[in-house]
Each structure stands twice: as C-alpha cells, then as structure tokens.
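**Q** Chains as they are written, first to last, in the working numbering: chain C, 72 to 276; chain R, 72 to 276; chain L, 72 to 276; chain B, 72 to 276. Input: one structure, supplied below.
Number of protein chains: 4
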Amino acid sequence: MCPRSSVQFEEIRQEKKQLIMDVALELFAENGFHATSISQIAKKAKISKGLIYNYFESKNDILEEITRWAFDNIYLQLDFNRDGILTKDEFIGFIKATIKSVDENRQFWKLYFALVFQPQILESYAQKYTDKGLEIVKMLHEFIVSQGSTTPEKDLVAISFLLKGATLIVLTSPHFFLTNDIVEDTIDACFRLISNNKNTCHHEM
Amino acid sequence: MCPRSSVQFEEIRQEKKQLIMDVALELFAENGFHATSISQIAKKAKISKGLIYNYFESKNDILEEITRWAFDNIYLQLDFNRDGILTKDEFIGFIKATIKSVDENRQFWKLYFALVFQPQILESYAQKYTDKGLEIVKMLHEFIVSQGSTTPEKDLVAISFLLKGATLIVLTSPHFFLTNDIVEDTIDACFRLISNNKNTCHHEM
Amino acid sequence: MCPRSSVQFEEIRQEKKQLIMDVALELFAENGFHATSISQIAKKAKISKGLIYNYFESKNDILEEITRWAFDNIYLQLDFNRDGILTKDEFIGFIKATIKSVDENRQFWKLYFALVFQPQILESYAQKYTDKGLEIVKMLHEFIVSQGSTTPEKDLVAISFLLKGATLIVLTSPHFFLTNDIVEDTIDACFRLISNNKNTCHHEM
Amino acid sequence: MCPRSSVQFEEIRQEKKQLIMDVALELFAENGFHATSISQIAKKAKISKGLIYNYFESKNDILEEITRWAFDNIYLQLDFNRDGILTKDEFIGFIKATIKSVDENRQFWKLYFALVFQPQILESYAQKYTDKGLEIVKMLHEFIVSQGSTTPEKDLVAISFLLKGATLIVLTSPHFFLTNDIVEDTIDACFRLISNNKNTCHHEM
DNA sequence: AATGAATGAGACTTCATTCAT
DNA sequence: TATGAATGAAGTCTCATTCAT
Numbered sequence: 072m073c074p075r076s077s078v079q080f081e082e083i084r085q086e087k088k089q090l091i092m093d094v095a096l097e098l099f100a101e102n103g104f105h106a107t108s109i110s111q112i113a114k115k116a117k118i119s120k121g122l123i124y125n126y127f128e129s130k131n132d133i134l135e136e137i138t139r140w141a142f143d144n145i146y147l148q149l150d151f152n153r154d155g156i157l158t159k160d161e162f163i164g165f166i167k168a169t170i171k172s173v174d175e176n177r178q179f180w181k182l183y184f185a186l187v188f189q190p191q192i193l194e195s196y197a198q199k200y201t202d203k204g205l206e207i208v209k210m211l212h213e214f215i216v217s218q219g220s221t222t223p224e225k226d227l228v229a230i231s232f233l234l235k236g237a238t239l240i241v242l243t244s245p246h247f248f249l250t251n252d253i254v255e256d257t258i259d260a261c262f263r264l265i266s267n268n269k270n271t272c273h274h275e276m
Numbered sequence: 072m073c074p075r076s077s078v079q080f081e082e083i084r085q086e087k088k089q090l091i092m093d094v095a096l097e098l099f100a101e102n103g104f105h106a107t108s109i110s111q112i113a114k115k116a117k118i119s120k121g122l123i124y125n126y127f128e129s130k131n132d133i134l135e136e137i138t139r140w141a142f143d144n145i146y147l148q149l150d151f152n153r154d155g156i157l158t159k160d161e162f163i164g165f166i167k168a169t170i171k172s173v174d175e176n177r178q179f180w181k182l183y184f185a186l187v188f189q190p191q192i193l194e195s196y197a198q199k200y201t202d203k204g205l206e207i208v209k210m211l212h213e214f215i216v217s218q219g220s221t222t223p224e225k226d227l228v229a230i231s232f233l234l235k236g237a238t239l240i241v242l243t244s245p246h247f248f249l250t251n252d253i254v255e256d257t258i259d260a261c262f263r264l265i266s267n268n269k270n271t272c273h274h275e276m
Numbered sequence: 072m073c074p075r076s077s078v079q080f081e082e083i084r085q086e087k088k089q090l091i092m093d094v095a096l097e098l099f100a101e102n103g104f105h106a107t108s109i110s111q112i113a114k115k116a117k118i119s120k121g122l123i124y125n126y127f128e129s130k131n132d133i134l135e136e137i138t139r140w141a142f143d144n145i146y147l148q149l150d151f152n153r154d155g156i157l158t159k160d161e162f163i164g165f166i167k168a169t170i171k172s173v174d175e176n177r178q179f180w181k182l183y184f185a186l187v188f189q190p191q192i193l194e195s196y197a198q199k200y201t202d203k204g205l206e207i208v209k210m211l212h213e214f215i216v217s218q219g220s221t222t223p224e225k226d227l228v229a230i231s232f233l234l235k236g237a238t239l240i241v242l243t244s245p246h247f248f249l250t251n252d253i254v255e256d257t258i259d260a261c262f263r264l265i266s267n268n269k270n271t272c273h274h275e276m
Numbered sequence: 072m073c074p075r076s077s078v079q080f081e082e083i084r085q086e087k088k089q090l091i092m093d094v095a096l097e098l099f100a101e102n103g104f105h106a107t108s109i110s111q112i113a114k115k116a117k118i119s120k121g122l123i124y125n126y127f128e129s130k131n132d133i134l135e136e137i138t139r140w141a142f143d144n145i146y147l148q149l150d151f152n153r154d155g156i157l158t159k160d161e162f163i164g165f166i167k168a169t170i171k172s173v174d175e176n177r178q179f180w181k182l183y184f185a186l187v188f189q190p191q192i193l194e195s196y197a198q199k200y201t202d203k204g205l206e207i208v209k210m211l212h213e214f215i216v217s218q219g220s221t222t223p224e225k226d227l228v229a230i231s232f233l234l235k236g237a238t239l240i241v242l243t244s245p246h247f248f249l250t251n252d253i254v255e256d257t258i259d260a261c262f263r264l265i266s267n268n269k270n271t272c273h274h275e276m
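As structure tokens, this is what we get:
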C-alpha cells in the first residue's frame, strides 16, 4: 500500500494543505501564533509533524500562506466599487458585507487584528493591507461626496471609526449583540451622519 | 558598615520593580507577551535574568502586575461620572480623556487589545475590565437620554462604535491622523448623532 | 521510502524508554534523585535532553515509572505465600529471595531506601509499599505461629529487625560480607529465635 | 546601635552558628540536602542569607560541620567500653543507648542514613564513621565471646543485623512501635541468640 | 555582625525543525 | 506521501554565592 502511483497527487496535496491551514488558522486565532505549536496543529489535523514540513517551509510560512489565502478570499471581496462609483445600495452592501464577513470569518479577523497589533510577525503583508485600506477609504470618500455632504472629511473619519468599532464589537462581544442589529445600526448611523451635516453645528474644544 | 535600612531597601525595590514593569510593558506591547522573553527584558533593563524573579514570581506575574497597575492608573481614570450623572462637559471630557489616554499610554492600550483577543493569557482581569466597561456603557446611556435623544439605544451603540473605532485608529494609524483631530471629529460625530434624532441642533459648549 | 510501521515505532519506543529508565535508576541510586540532572541522564544514555521528554513527562515521571516498574518486577516477587500459608521451605525461600533480590537489584533498593527517608519525593507509591509490607508481616506472623513459637510477637519483631538489618548490610557493606553468608546467618538466626522459645531444636530442611 | 563593641562577640557567634546548624539539620533531614536551599534555612532561622556565609564557607560546609558536630556529640557517645571489656549491663546499656539515641536524635540519624546511601555528598567523614563502626563491632564480638558463645561470628552478624534493623524501624515506623518495646525486644533477642547457640542446630541451604 | 539586592551558572522543559525509514 | 524519533537552541525559573552598605 505504500508506493502509491496516481495522478491525483496534486489534488491530495491541495486538500492536505488546506486542512493544515484551516487547523492552523483556528489555533492561531484562538491561542495566538506563538502559543500554538506545530505539534498541536499536527495533532488536531491528525497528521504527523513531519508532514507539515512537506507542505510548508516553516511555521511562519504557514502563517504567511494563511494570510495570503485569507487576503485573497476574504479581504479582497470587500469591494463593491466595480465601476469606481459607489451607489447608495452598493454602500449599504459594502457595510453589510464587511460586518458579515467579520462575523463569518471570525478566526481570520481575530488573526488579522493580532497581526495589526504585532506587525513584526508578518511584515510582508502589511503594505498589501494598507494599500487595500486606502483604496476603500477613497471609495468611501467619493461616496460621501456624491451624497452631497458638506463636510465629507469629517464624515469619512466618523464612518471609518464607526465601521472599525462595529467590526471590533462583532469580534469581541458576539454574545451582546446580534450581527443583524449591528449592521442596521451602523448603516443607520452612517446615513444620519451624512445627512445631518447639511446643517451641522459648530462647537469648539 | 551598617546594613541598609529597610526604608532604603524598599526604595530600591520599588524603583527596580517599576523599571522591570516599564521595560516589560514596552516589550509586551511591541512584540506580544509570548514573543517577549525574560532574557530580553533583563537585557533591556540592564539587569540579570535572575533578579527579575526577586521581584516577580513568574513571567505571567509581571503581566498581571502591569495590568493591575495600569488598570488602577490608566483605566480607572476614565470616569467623569462622579455624581452618577454626566453633564455635557463631562461627556466631552470623557471622550477627550479616553482618546488622549490611548494616545499617551499607547503601550498599555496595545497590550490591552492584545489581551482582549487572547483572553486566556490573563483571565484574572477579564471580569474587572468587563465590569468597568458595563459601567461606562450605563453612564453613556444615561447621558444620551438626558440629552433628549429619541433613539437612545441606537445612539448608544453608534457612539460606542465610534469611540472604539477612534481608539483603534489612534493606536494603529498614528501617522495618518492628529489626535486632536480625532478627538474633535469624534465628539462632533457623537453630537450629530444625538441631535439628529431631535431634528434640532442647539448644543453649545 | 515507506514510513516505519507502528510496530517498529513501538519497539524503538520501548527500547529507548527502558534505556532511559536504566540509566536514570543507576544515577538516582548513586547520586540521589535531586542531585541527578536530566543532562546527566541524557549524556550517559547518549541521547539529547529533549528526547527524554518524548518518553517522560517530567523528571519526576521518570522516577515514578522506575518505581512502578521496579515495584512490579522486583518487590512483588518477594512473595512465596501463594496459598496463604508459608511452609518452612517457603519461609527459607522468602528470606533467601529477599536478600538475593537486594544483592541483585542493588540500585533499586538503594533508591527504595532513599525514598523511604524522603517520602515527599514520591508520594504516590508510599501506600502501595506499606500495604505490601503489612502483608509480608502478616505472612511471617502466621509462619512463626505455625512453627509452634510461644512468643510469636517477639519473634516477629526480632525477625523483622534481622531481615531489615540484613538487607541494609547487603546494600551498604557489600565488601565486608558474602551474600551467601548473610543469607545463611539470617536464616540460622531466625530459626534459633523461633526454636529457642520452645527450648527444643528440631527443624530440618 | 550599629557598631557594637563588646567582648561577647564570640558567644553570639557560637549561638548563631548553632542556630543555623540546628535549622539546617532539621531541613536536611526532612527534605534532603539538595532539596534544601540556603534561603529556606535563612528564613527558618530568621536571619539573612548573607549572614550564613559569615559562619560557613558554603552549603556543603554547613553539612560538614553538622556532621562533625553530630559525630562528636551523638555518635561518639555510643561507647560503653571504657575499659575494653563490656559487662552484660554495659552491653544492655549500649543497645538501649543506641536505640534511644536514634529515637532522640531522629533528625541526625535520618541524615546519617541519607549520607550512607549517597556517600559522595560527604566523603570526608565516611572513613571516620567506618572506623567507629569497626570499633563497635570489635567490642560486640568480645562481649559475645565473653558470654561463652560457641559461634560468636554468627552471633555477631545476627546481633549487628538486629541492631541495624531496630534503628531503622525506630526511624521509619515510629507510629507502629514504642521505643521501649523495641529496646526490650532487641535485647531479649540478642540474649536468646547468644544463649541458644550453646545447643545450635545445623541446617544446610 | 547583618542585610538583601544582584549575579550567573545551571536546572527543567518546550518546540521548531530534521531525517531515516 | 507520511511517520515520529531525534536534536539543539532557547525559554522559564532556581539557587548558591557575592557584595555594597
């Protein structure tokens, strides 16, 4: 049974690799990168330690591949701006998708925030994340302007905070809030901010 | 050749202990708890590894003491609700103080967020943090109601998100924003949200 | 290039584990548990320190496994009382076996006495040893009675002392006595004590 | 109060030294030499660690001094053979004194046996102990002969075993036996052995 | 005489990684 | 492809000992 000959090798490889990444993501997200050992991953994936090194060069490489994969499959999907201009529905869709993504890919997003706070773990993707972030910001800015806001910069900042805060809450307090409520409240607040500044109030600090 | 007095010893102890905690906080915040070794702390503090164990029972104990200390000296100060009711100025002061605190105690707050995402590292303080958090939420809710908001729950959620998002931005993107701007924009957005529900705008400072 | 079969692995494990236990017993017996380091064991066994932890959970675990093993393979054999009653030959066999066992398993018995004097090192087996000891005492008592002794309690005590003393001498002064002489003298003394109470002497072998 | 000038220094020194030795003996006997730390000794003696090194050169030195002291004050007293010949009463007194000494100096004798089993801890006194032991053996032999034993060698061996076993029991099972009973039984057995061999029985092995 | 802060060697233990099979 | 025994560096922690005061 030992020397297998078949053309499905590549398929098996891909499945094994994905299995390892899935398990590793779960453990990294739950316990942190440094607190997760190769042994743990191997045991949970029900394979040997050695096999992992058949698919990945190092423990760090697992993290990098997870990040690359998640970046392509999760982060990149957060883009509704196909034609460069966001309609109102697209904006709503974007907010909704972002928060739902966090809810559904909890593990990745926990890892994402961990990496944001300890950027030296994985320097290679910092720039990629930043670029994508700027792109989103630009997209939002254009939308706010298109909605007739007279203080688009202020609104952009506030909406960014709102969204960031919302995702954080989804991640850290899932038992306190329903995701749907969070989505609704966030969208609602966004529009109240945009529409409100047509008769904005000034106060100094 | 008299031995040092116990007062002298106590002084030395306090100074050295604080030194270790300062250095450890810096490294924990920068690299994470697990990625920071006792050796690194010792080297950076310019003392021997062994000495650290004269002051702390374990690496975990260092973290606990840092957390305890920071909790008492940083987190607890974020409370302007001395009499149970927040005035408008106190609310503004609270927002301002929160964001400034994050800006000024960047290291602690990075550690705080890391611990939020890996709560198993330090279980002892989770409850304390949660309790404090709930207290703040209650305080904010009362303020929003006192301001005549017709949708206080919605506003509370939105303001919580705003504040959380703002602190996160202060921590992670200090080069993109001026803290003063963040403070101003956050306060501004808060009031726009609250006042928006009344369809009027008459808050002065 | 097939992987080893699990049978092969099991073989390797058993051999290596026994090697470590043999070496550790030797060093524990010679230098004491606390004075023996994992490094010493590894060096003497010609393996790496790390490998030891592939087989044992801790240094204490090595001691426990040695003790468990020795208990089953050495201590438990000191029982000739298969049917609950000791014949004269069985008694002689028991004395002989006990002393020979000490002579042949010098290392274990040195460790045994060390543990008797520092019971806190290994609390798990104290009870087991005690139970076995009481069983032996009971067996001896019955034998002495069966031999018609008029002072079985006195004889039991004396014979216990004799045997304990004999084993101690075998352990500590092997160069002063021949084991065979010790065996003979001990048996001789036992019977002299028993028969003395009857003022007769008629035991053959 | 610091620079004291007095002639009682030497007295204080002796008292302190004895205090340290007492505490150290207690801990060594209870936990073993290696498992006892200088810190423990200092704490239990209510002095500082540093002070110990004012009186002893090293941890090993403490052990040596304890052993020297105990040898002179405990072990050496086990000698009733003032004039080279042991009377019957002196023999009884010797047995009694030996067992009582073990009972009363439990800590030292536990340490003694620990050192017997791990002689490399303290090589300097091994010879001294051995010499003393041989002297006692010689004394006993002469007594046995003087009592008219026809098999003095056999008796000597048996009595040695008896005594060794008795001391061991006193040390390890103090709750099972009354020391007085042990003394009585041991003396009784000794004389039964000596007197019995006037009509000894032969059996082969 | 007395203190305890400070050191550094070395203890136990973990773990990423290699390698023979 | 797959295994897990094996390694060795590095981590946490302990402790005998030194030393300034």
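The beta-carbon is built from N, C-alpha and C at its ideal position, and this holds for glycine as well.
So with CB distances below 7 Å, who are the chain C contacts of A229/R?
**A** L233, D256 and A260
**Q** Inspect the beta-carbon positions of I145/R and N102/R and report whether they are closer than 7 Å.
**A** no
**Q** Which word fits E255/L, buried or exposed, when buried means at least 16 other C-beta atoms lie within 10 angstroms of its C-beta?
**A** buried
**Q** Could you work out which residue in K225/C, A185/C and D93/C is closest to S266/C when comparing CA atoms only?
**A** Comparing C-alpha distances from S266/C to each of K225/C, A185/C and D93/C shows the shortest one belongs to K225/C.
**Q** With contact counted as at least three CB pairs below 8 Å, one residue from each stretch, are the stretch 241 to 258 of chain C and the stretch 168 to 184 of chain C in contact?
**A** Output reads yes: the stretch 168 to 184 of chain C touches the stretch 241 to 258 of chain C.
**Q** Can you say whether D259/L is buried or exposed, counting buried as having 16 or more other CB atoms within 10 angstroms of its CB?
**A** buried
**Q** I want to verify the contact list: residues of chain B whose CB lies under 8 Å from the CB of F184/L, in sequence order.
**A** F184 and F188
**Q** Short of 9 Å Cβ to Cβ, which residues in the stretch 89 to 119 of chain L face chain B?
**A** Listed in sequence order: A100, E101, N102, G103, F104, H105 and A106.
**Q** What is the DSSP secondary structure of I156/C, reduced to helix, strand or coil?
**A** coil
**Q** Considering only C-alpha positions, which residue in the set A100/C, L90/C and S129/C is nearest to I295/C?
**A** This structure does not reach residue 295/C, given that chain C is present from 72 up to 276, and the question cannot be answered.
**Q** List, in chain order, every chain B residue whose beta-carbon is nearer than 8 Å to that of G236/L.
**A** S231, F232, L233, L234, K235, G236, A237 and L239, listed in chain order.
**Q** Which value, in whole angstroms, describes the spacing of the CA atoms of Q85/C and I91/C?
**A** 10 Å
**Q** For my contact list, E135/R and S195/R are in at a C-beta cut-off of 8 Å; report their separation, rounded to the angstrom.
**A** Yes, they are in contact, since the Cβ atoms of E135/R and S195/R sit about 6 Å apart, within 8 Å.
**Q** Does the beta-carbon of A100/B have 16 or more other beta-carbons within 10 angstroms, so that it is buried, or is it exposed?
**A** So A100/B counts as buried.
**Q** Does chain C have any CB closer than 7 Å to the CB of K209/R?
**A** no
**Q** Assuming A185/B is part of the alpha helix (DSSP H), what are its boundary residues?
**A** R177 to F188
**Q** Taking the alpha carbon of Y302/R as the reference point, which residue from F262/R, A116/R and R139/R has its own alpha carbon closest?
**A** The shown model of chain R, from 72 to 276, leaves out residue 302/R, and the question about it has no answer.
**Q** For T249/R, count neighbouring Cβ atoms within 10 angstroms of its own Cβ and tell me buried if that reaches 16, exposed if not.
**A** The sequence given here places Leu at residue 249/R; Thr does not occur at that position. So L249/R ends up on the exposed side.
**Q** Mind checking if L243/B is an interface residue toward chain L, Cβ cutoff 7 Å exclusive?
**A** Position check: residue 243/B holds Thr in this sequence, whereas Leu was assumed. Judged by the 7 Å Cβ criterion, T243/B is in contact with chain L.
**Q** Under 8 Å by Cβ, that's how I've got F188/L and L96/L pegged, so tell me the actual separation to the nearest angstrom.
**A** That pair is no contact at about 17 Å.
**Q** Consult DSSP for S108/C and reduce its assignment to one of helix, strand or coil.
**A** In this structure, DSSP gives S108/C a state outside helix and strand, which the three-state scheme calls coil.
**Q** By the three-class DSSP mapping on this structure, what secondary structure does T271/R have?
**A** With a pLDDT of 40 at T271/R, under the threshold of 50, the modelled position of that residue is not reliable, and no figure is offered here.
**Q** DSSP on L149/R, reduced to helix/strand/coil?
**A** coil
**Q** Under 8 Å between beta-carbons, which chain B residues line up against L264/L? List them in chain order, please.
**A** Correct list: A260, R263, L264 and N267.
**Q** Assign L264/B to buried or exposed, taking buried as 16 or more other Cβ atoms, counted over all protein chains shown, within 10 Å of its Cβ.
**A** buried
**Q** Once DSSP output is grouped into helix, strand and coil, what is the label at G103/R?
**A** coil
**Q** Just checking: is the beta-carbon of K130/R within a distance shorter than 7 Å of some beta-carbon in chain C?
**A** no
**Q** Quick check on DSSP: helix, strand or coil for E194/C?
**A** coil
**Q** Any contact of the stretch 221 to 241 of chain C with the stretch 231 to 243 of chain R, i.e. 3+ C-beta pairs under 8 Å?
**A** yes
**Q** Pick out whichever of L227/B, K203/B and L122/B has its Cα sitting closest to the Cα of Q148/B.
**A** K203/B
**Q** Determine the direct distance from the alpha carbon of I137/C to that of I112/C, and round the result to whole angstroms.
**A** 14 Å
**Q** Could you tell me if T201/R is buried or exposed, where buried requires 16 or more neighbouring beta carbons within 10 angstroms of its beta carbon?
**A** exposed
**Q** Taking 7 Å as the cut-off, decide whether the C-beta atoms of I133/L and F127/L are in contact.
**A** yes
**Q** Would the beta-carbon of A185/R fall within 7 Å of that of H105/C?
**A** No, Cβ-Cβ distance for A185/R and H105/C is not below 7 Å.
**Q** Residues of chain L with CB closer than 8 Å to the CB of K225/B, please, in chain order.
**A** D256, D259 and A260
**Q** When the Cα of V228/B is compared with those of H212/B, L242/B and T257/B, which residue comes out closest?
**A** H212/B
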